[in-house]
Amino acid sequence: MDNYNRTAHKKYSLNVHLIFVTKYRRKIFNSQEFNTDLKNIMHFIAKKYHYKIIQMETDIDHIHILLEYKPKDSISNIVKILKQQSTYYLWLKYNDYLKQYFWKKKIIWSEGYFASSIGKVSQKTIEAYIKNQG
13 MDNYNRTAHK
23 KYSLNVHLIF
33 VTKYRRKIFN
43 SQEFNTDLKN
53 IMHFIAKKYH
63 YKIIQMETDI
73 DHIHILLEYK
83 PKDSISNIVK
93 ILKQQSTYYL
103 WLKYNDYLKQ
113 YFWKKKIIWS
123 EGYFASSIGK
133 VSQKTIEAYI
143 KNQG
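Take 13 as the starting number for the sequence shown in the numbering used here and just add one per residue.
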């Protein structure tokens, strides 16, 4: 049995490794309670949009997320949704805490992000497969 998702007209396996860095590289992930709430919020948002978080962990100033998504979703839109909504929910609960780090605007994340697709086979395997077609 393979690990592909299926619909009537599609068969796919789409996973991406995302990294979001805090604005100004502020070291805000130093509280277990805050980190746990961030992860719960990310899972809540992912479920709402039909993404699946496979693995997630924070470091002192960034978060790694391994996420499964559907073909209709774009990575840039996934990033936008996760960043915007996590910022909103975290500021609701941790307003005083976050004001210590971000005093002008209600922000958490830097503008950029890292994204890398996660395949189940190596690039060389795919190249060999394509080369041997026909």
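C-beta: ideal position from N, C-alpha, C; glycine also.
Residue i, DSSP secondary structure in three states
| i | result |
| --- | --- |
| Leu-30 | strand |
| Ile-65 | strand |
| Arg-18 | strand |
| Glu-45 | helix |
| Tyr-125 | coil |
| Ala-140 | helix |
| Ser-88 | helix |
| Arg-37 | helix |
| Met-13 | With a pLDDT of 45 at Met-13, under the threshold of 50, the modelled position of that residue is not reliable, and the figure given next carries that caveat. Correct three-state label for Met-13: coil. |
| Ile-57 | helix |
Distance between beta carbons of residue j and residue i, contact taken as under 8 Å
| i | j | result |
| --- | --- | --- |
| Asn-27 | Ile-130 | 4 Å |
| Thr-19 | His-74 | Not quite, the Cβ-Cβ distance comes to about 34 Å (not below 8 Å), so this is no contact. |
| Phe-41 | Asp-71 | 7 Å |
| Asp-49 | Lys-95 | 16 Å between Cβ atoms; not a contact. |
| Lys-81 | Tyr-101 | Before going on, a small fix: residue 81 reads as Tyr here, not Lys. With a Cβ gap of about 20 Å, Tyr-81 and Tyr-101 do not count as contacting. |
| Ile-79 | Leu-30 | Correcting the residue type first, residue 79 is Leu in the shown sequence and not Ile. That belief holds up - the Cβ atoms of Leu-79 and Leu-30 are roughly 6 Å apart, short of 8 Å. |
Pair within 9 Å by beta-carbon distance, residue i and residue j
| i | j | result |
| --- | --- | --- |
| Phe-32 | Trp-115 | no |
| Ile-66 | Met-54 | no |
| Ile-93 | Ile-57 | yes |
| Tyr-36 | Tyr-113 | yes |
| Lys-132 | Ser-25 | yes |
Residues that residue i bridges to, as DSSP identifies them
| i | result |
| --- | --- |
| Glu-80 | Asn-27, Lys-64 |
| Thr-70 | Ile-75 |
Where the alpha helix (DSSP H) through residue i begins and ends
| i | result |
| --- | --- |
| Trp-115 | First-last for Trp-115: undefined, no H or E at that position. |
| Val-133 | Note, Val-133: premise wrong, no alpha helix (DSSP H); not H, not E. |
| Tyr-109 | 107-111 |
9 Å Cβ cutoff, residue i in contact with chain C
| i | result |
| --- | --- |
| Ser-88 | Absent from the structure: chain C. Only one protein chain is present. |
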